[in-house]
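Q: One structure, as structure tokens, below. Some questions next.
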Amino acid sequence: MNYRSTRGNVKDALKSSDAVVQGLAPDGGLYVPVDFPKPTYDLENLIQLPYQKLAQTILQWFFNDYPAEQLADGTTKAYADQWDDDSIAPLSRQKAGFNYLELYHGPTLAFKDIALQMLPQLMTKAIKLNGVDRDIVILTATSGDTGTASMRGFSNVDGTQVIVFYPDGGVSPVQLKQMLGQPGQNLTAVAVKGNFDDAQTQVKQIFNDQAFNQRLIDNGYQFSSANSMNIGRLIPQVVYYFAAYGQLVEQDQIKLGDAINFTVPTGNFGDILAGWYAKKLGLPIKKLICASNENNVLTDFFTTGRYDRRRAFHLTSAPAMDILVSSNLERLLFDVYDEDAASVKDLMERLQNDGWYQITSAAKAKLDQEFAAGYAAQSQVAGEIKYVYETSGYLIDPHTAVGSFVARQYQKNSHDQTPMVIVSTASPYKFPETVYHALTGQDTQQQGLPAIKQLHDLVGGELTAGVKELFDHQPRKESVIAPDDMEDLIAEVLKLK
Ligand SMILES: *Cc1c(COP(=O)(O)O)cnc(C)c1O
Numbered sequence: 081m082n083y084r085s086t087r088g089n090v091k092d093a094l095k096s097s098d099a100v101v102q103g104l105a106p107d108g109g110l111y112v113p114v115d116f117p118k119p120t121y122d123l124e125n126l127i128q129l130p131y132q133k134l135a136q137t138i139l140q141w142f143f144n145d146y147p148a149e150q151l152a153d154g155t156t157k158a159y160a161d162q163w164d165d166d167s168i169a170p171l172s173r174q175k176a177g178f179n180y181l182e183l184y185h186g187p188t189l190a191f192k193d194i195a196l197q198m199l200p201q202l203m204t205k206a207i208k209l210n211g212v213d214r215d216i217v218i219l220t221a222t223s224g225d226t227g228t229a230s231m232r233g234f235s236n237v238d239g240t241q242v243i244v245f246y247p248d249g250g251v252s253p254v255q256l257k258q259m260l261g262q263p264g265q266n267l268t269a270v271a272v273k274g275n276f277d278d279a280q281t282q283v284k285q286i287f288n289d290q291a292f293n294q295r296l297i298d299n300g301y302q303f304s305s306a307n308s309m310n311i312g313r314l315i316p317q318v319v320y321y322f323a324a325y326g327q328l329v330e331q332d333q334i335k336l337g338d339a340i341n342f343t344v345p346t347g348n349f350g351d352i353l354a355g356w357y358a359k360k361l362g363l364p365i366k367k368l369i370c371a372s373n374e375n376n377v378l379t380d381f382f383t384t385g386r387y388d389r390r391r392a393f394h395l396t397s398a399p400a401m402d403i404l405v406s407s408n409l410e411r412l413l414f415d416v417y418d419e420d421a422a423s424v425k426d427l428m429e430r431l432q433n434d435g436w437y438q439i440t441s442a443a444k445a446k447l448d449q450e451f452a453a454g455y456a457a458q459s460q461v462a463g464e465i466k467y468v469y470e471t472s473g474y475l476i477d478p479h480t481a482v483g484s485f486v487a488r489q490y491q492k493n494s495h496d497q498t499p500m501v502i503v504s505t506a507s508p509y510k511f512p513e514t515v516y517h518a519l520t521g522q523d524t525q526q527q528g529l530p531a532i533k534q535l536h537d538l539v540g541g542e543l544t545a546g547v548k549e550l551f552d553h554q555p556r557k558e559s560v561i562a563p564d565d566m567e568d569l570i571a572e573v574l575k576l577k
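Residue 81 is where the sequence shown starts when you use this note's numbering, and the numbers rise one by one after that.
So, in structure tokens, the structure goes:
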């Protein structure tokens, strides 16, 4: 199984373990399989596997240069007792109508743990497989959850350094506490002036800066990315789509072979793209519904076929989705352009230079078959949190609420009554200020940990281990830099000569 760039040539393809270490292709494109796997499997047997075995099976389809016992070892370690639910991704059916696929039972309380508990396993094994004798520098721009989850996943992993950049003032108090409080010798998190896109753009430029990359190599280092552009992050996410399907069958909500819909709260387009890959592998999915907040560039894209990032940027209550350039969409474009890398390259250059592009009507027609899209404004997000709590006694976070609202709107407009799974991406306790305000109309007295206590006093119930752990660590001091200083900061942290 080889991987090639969405913008490049098949002849430059790498084996999967190399693509995992590289992260991003040198031409700025994203790695995709040269031949998308077409496994033969028995769906009934597959969905009965425990999560770890299911993950091992699916990962082996995509990463076949890893020996089976290494993937078995990796999935066993990634999905062990750092999760507070044995099924890893439990599905919760609620009176208000939907099934919520809870992906936040890992150590940092958001779905990014699913991938970022696995990625260090894939990366450290790849380094050994390929005899790399350099230290890997994980360079990441985060809108909040990737930072916390990668620091947690790579904490004190030998041969790795993690440097995380997050937008100054653009992450939640709990996320900030998690990033600054995560213990680990090899971890750095720094605030950057500007928004997430500014930080992400700069990180991409640093990745592509040849001179700087050479300097790293001369000092015994090599970059990699833990962003959702890394194929090693994307593929572990395919697993929970199958796990959700299995639970629906097990709960007798559907019969084997019935189609289902997923609504996915979307930012960088990694989560929903994994759903698309699940569908390409043959999982019976009818529609994937792309849910956005007020940064609704994707809603417009799926409606009109025109992607236009030239618009106001909104800071919302669902910060992990405050994104105007959704990097992983490039992998979907690659598919709907029949793997024509030159066209993808052209579209991405237009986006970079002009700020917008329009896809062909043929490509648009393909998207219409597979996807739907919608968005929720701030007041609708709050209203949905309240509505779901009042009708079902079930607490959802603002990102999940975006999905829940958009799913409701989709069903109303389309009359499509296919069973619906909402991908629930974060614990409500990761965003306690917003959830408390949505329920009561009042602000919490303080932000961060005291707000968690106040929300918990309001709704009761048992706090999960991951939430309790937030109270354990003392945060480091925050530092803030300008985007232009990011390279210098990396040099300083790594003590580059
Ligand atoms: C990252 C994240 C998202 C968006 O996922 P993408 O893969 O970037 O589309 C949604 N919700 C939460 C809580 C997240 O952390």
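Even for Gly, the Cβ is constructed at its ideal location relative to N, Cα and C.
Give the straight-line distance between the Cα atoms of Pro563 and Thr544, rounded to the nearest whole angstrom.
A: Working through the sequence shown from its first residue, we reach residue 563 at position 483. Working through the sequence shown from its first residue, we reach residue 544 at position 464. If you take the alpha carbons of Pro563 and Thr544, they lie about 37 Å apart.
Q: Report the rounded CA-to-CA distance for Asp161 versus Ile561, giving the unit in angstroms.
A: Numbered from 1 along the sequence shown, position 81 holds the residue referred to as residue 161. Numbered from 1 along the sequence shown, position 481 holds the residue referred to as residue 561. Their backbone Cα atoms lie some 37 Å apart in a straight line.
Q: When the distance is taken between beta carbons, is Ala306 closer than 9 Å to Thr220?
A: Against the sequence shown, residue 220 aligns to sequence position 140. Against the sequence shown, residue 306 aligns to sequence position 226. Yes, they are a contact pair.
Q: Report, in whole angstroms, the separation of the C-beta atoms of Phe292 and Glu513, which I expect to be a contact under 8 Å.
A: In the sequence shown, counting from the first residue as 1, residue 292 sits at position 212. In the sequence shown, counting from the first residue as 1, residue 513 sits at position 433. Not a contact, Cβ separation roughly 39 Å.
Q: Once you ignore the five residues that flank Tyr455 on each side, which residues in its own chain have a CB closer than 6 Å to its CB?
A: In the sequence shown, the residue the question calls residue 455 occupies position 375. Excluding positions up to five away in sequence, the list reads Ser372, Asn376, Thr379.
Q: According to the Cβ coordinates, are Thr228 and Ala279 closer than 9 Å?
A: Indexing the sequence shown from 1 puts residue 228 at position 148. Indexing the sequence shown from 1 puts residue 279 at position 199. It is not a contact, given that the beta carbons lie outside the stated cut-off.
Q: So Thr471 packs on Ile502, CB below 8 Å; how close in whole Å?
A: On the sequence shown, position 391 is the one that residue 471 refers to. On the sequence shown, position 422 is the one that residue 502 refers to. Actually they are not in contact, since the Cβ atoms of Thr471 and Ile502 sit about 14 Å apart, beyond 8 Å.
Q: Rounded to whole angstroms, how far is the Cβ of Ala550 from the Cβ of Tyr516, which I believe are closer than 8 Å?
A: Along the sequence shown, one-based indexing puts residue 550 at 470. Along the sequence shown, one-based indexing puts residue 516 at 436. As written in the sequence, residue 550 is Leu, which differs from the Ala given in the question. Their Cβ separation, rounded to whole angstroms, is 16 Å, which puts Leu550 and Tyr516 out of contact at 8 Å.
Q: If I'm right that Ile365 touches Lys359 with Cβ under 8 Å, what's the distance once you round it to whole angstroms?
A: As a position in the sequence shown, residue 365 is number 285, starting the count at 1. As a position in the sequence shown, residue 359 is number 279, starting the count at 1. Ile365 to Lys359, Cβ: 4 Å. Contact.
Q: From Leu171, Thr156, Gly233, pick the residue whose C-alpha is nearest to that of Ala195; which is it?
A: Residue mapping note: residue 195 aligns to position 115 of the sequence shown, counting from 1. It is Gly233.
Q: Could you check which residue in Phe142, Leu129, Pro106, Ala445 has the C-alpha nearest to that of Met81?
A: Mapped onto the sequence shown, residue 81 falls at position 1. It is Phe142.
Q: Look at Gly186 and Gln197 and say whether their C-beta atoms are less than 9 Å apart.
A: The residue you call residue 186 lines up with position 106 of the sequence shown. The residue you call residue 197 lines up with position 117 of the sequence shown. Cβ distance < 9 Å, so Gly186 and Gln197 count as in contact.
Q: Please state the DSSP three-state secondary structure of Ser252.
A: On the sequence shown, residue 252 is found 172 positions in, with the first residue counted as 1. Correct three-state label for Ser252: coil.
Q: Excluding five sequence neighbours on each side, which residues of the same chain lie with their C-beta closer than 6 Å to the C-beta of Gln174?
A: Counting from one through the sequence shown, the residue named residue 174 turns up at place 94. So the list reads Ser472, Tyr474, once near-sequence residues are dropped.
Q: What number of angstroms, rounded off, separates the C-alpha of Val272 from the C-alpha of Gln497?
A: As a first step, residue 272 is located in the sequence shown; it is residue number 192 there, counting from the start. As a first step, residue 497 is located in the sequence shown; it is residue number 417 there, counting from the start. When rounded, the distance between both Cα atoms is 44 Å.
Q: Check the C-beta distance from Asn408 over to Asn348 and give it rounded, since I have them as a contact under 8 Å.
A: Taking the sequence shown and counting its residues from 1, the one referred to as residue 408 is at position 328. Taking the sequence shown and counting its residues from 1, the one referred to as residue 348 is at position 268. Their Cβ separation, rounded to whole angstroms, is 6 Å, which keeps Asn408 and Asn348 in contact under 8 Å.
Q: Is the stretch 313-329 touching the stretch 128-143, taking contact as three or more C-beta pairs under 8 Å?
A: Judged by Cβ distances under 8 Å, the stretch 313-329 makes contact with the stretch 128-143, as three or more pairs qualify.
Q: Establish whether the CB of Phe349 and some CB of chain B are separated by less than 9 Å.
A: This model lacks chain B altogether; it includes just one protein chain.
Q: Return the bridge partner residues of Glu182 from the DSSP annotation.
A: Here the question's residue 182 lines up with position 102 in the sequence shown. BP columns for Glu182 point to Ser504.
Q: Should Arg391 go down as buried or exposed, given a rule of 16 or more other Cβ atoms within 10 Å for buried?
A: Reading the sequence shown from its first residue, position 311 is the one you call residue 391. So Arg391 ends up on the exposed side.
Q: Would you tell me roughly how many angstroms separate the C-alpha atoms of Tyr469 and Thr520, rounded to the nearest one?
A: Locating residue 469 in the sequence shown gives position 389, where the first residue counts as 1. Locating residue 520 in the sequence shown gives position 440, where the first residue counts as 1. Their backbone Cα atoms lie some 11 Å apart in a straight line.
Q: Give the DSSP-derived three-state secondary structure of Arg389 in the structure shown.
A: Start at 1 with the first residue of the sequence shown, and residue 389 comes out as number 309. Reduced to three states, the DSSP call for Arg389 is coil.
Q: Looking only at its chain, what residues have a beta carbon closer than 6 Å to the beta carbon of Leu209, apart from the 5 residues adjacent to it on each side?
A: The residue you call residue 209 lines up with position 129 of the sequence shown. Only Ser97 meet the Cβ criterion.
Q: Are the Cβ atoms of Asp225 and Ala506 separated by less than 9 Å?
A: In the sequence shown, residue 225 corresponds to position 145, counting from 1. In the sequence shown, residue 506 corresponds to position 426, counting from 1. Taking 9 Å as the Cβ cut-off, Asp225 and Ala506 qualify as a contacting pair.
Q: Between the Cα of Ser235 and the Cα atoms of Leu260, Gly249, Val251, which residue gives the shortest distance?
A: As a first step, residue 235 is located in the sequence shown; it is residue number 155 there, counting from the start. If we check each option's Cα against that of Ser235, Leu260 comes out closest.
Q: Less than 8 Å separating the Cβ of Pro187 from some heavy atom of ligand 1?
A: Position 107 of the sequence shown holds residue 187. Because no heavy atom of ligand 1 lies under 8 Å away, the Cβ of Pro187 does not count as near it: no.
Q: Work out the CA separation of Phe485 and Gln333 for me, nearest whole Å.
A: Indexing the sequence shown from 1 puts residue 333 at position 253. Indexing the sequence shown from 1 puts residue 485 at position 405. Cα-Cα distance, rounded: 22 Å.
Q: According to DSSP, is Gln302 helix, strand or coil?
A: For the purposes of this step, residue 302 is identified with residue 222 of the sequence shown, where counting begins at 1. Three-state result, Gln302: strand.
Q: Determine the DSSP secondary structure at Ala398, reduced to helix, strand or coil.
A: Residue mapping note: residue 398 aligns to position 318 of the sequence shown, counting from 1. Correct three-state label for Ala398: coil.
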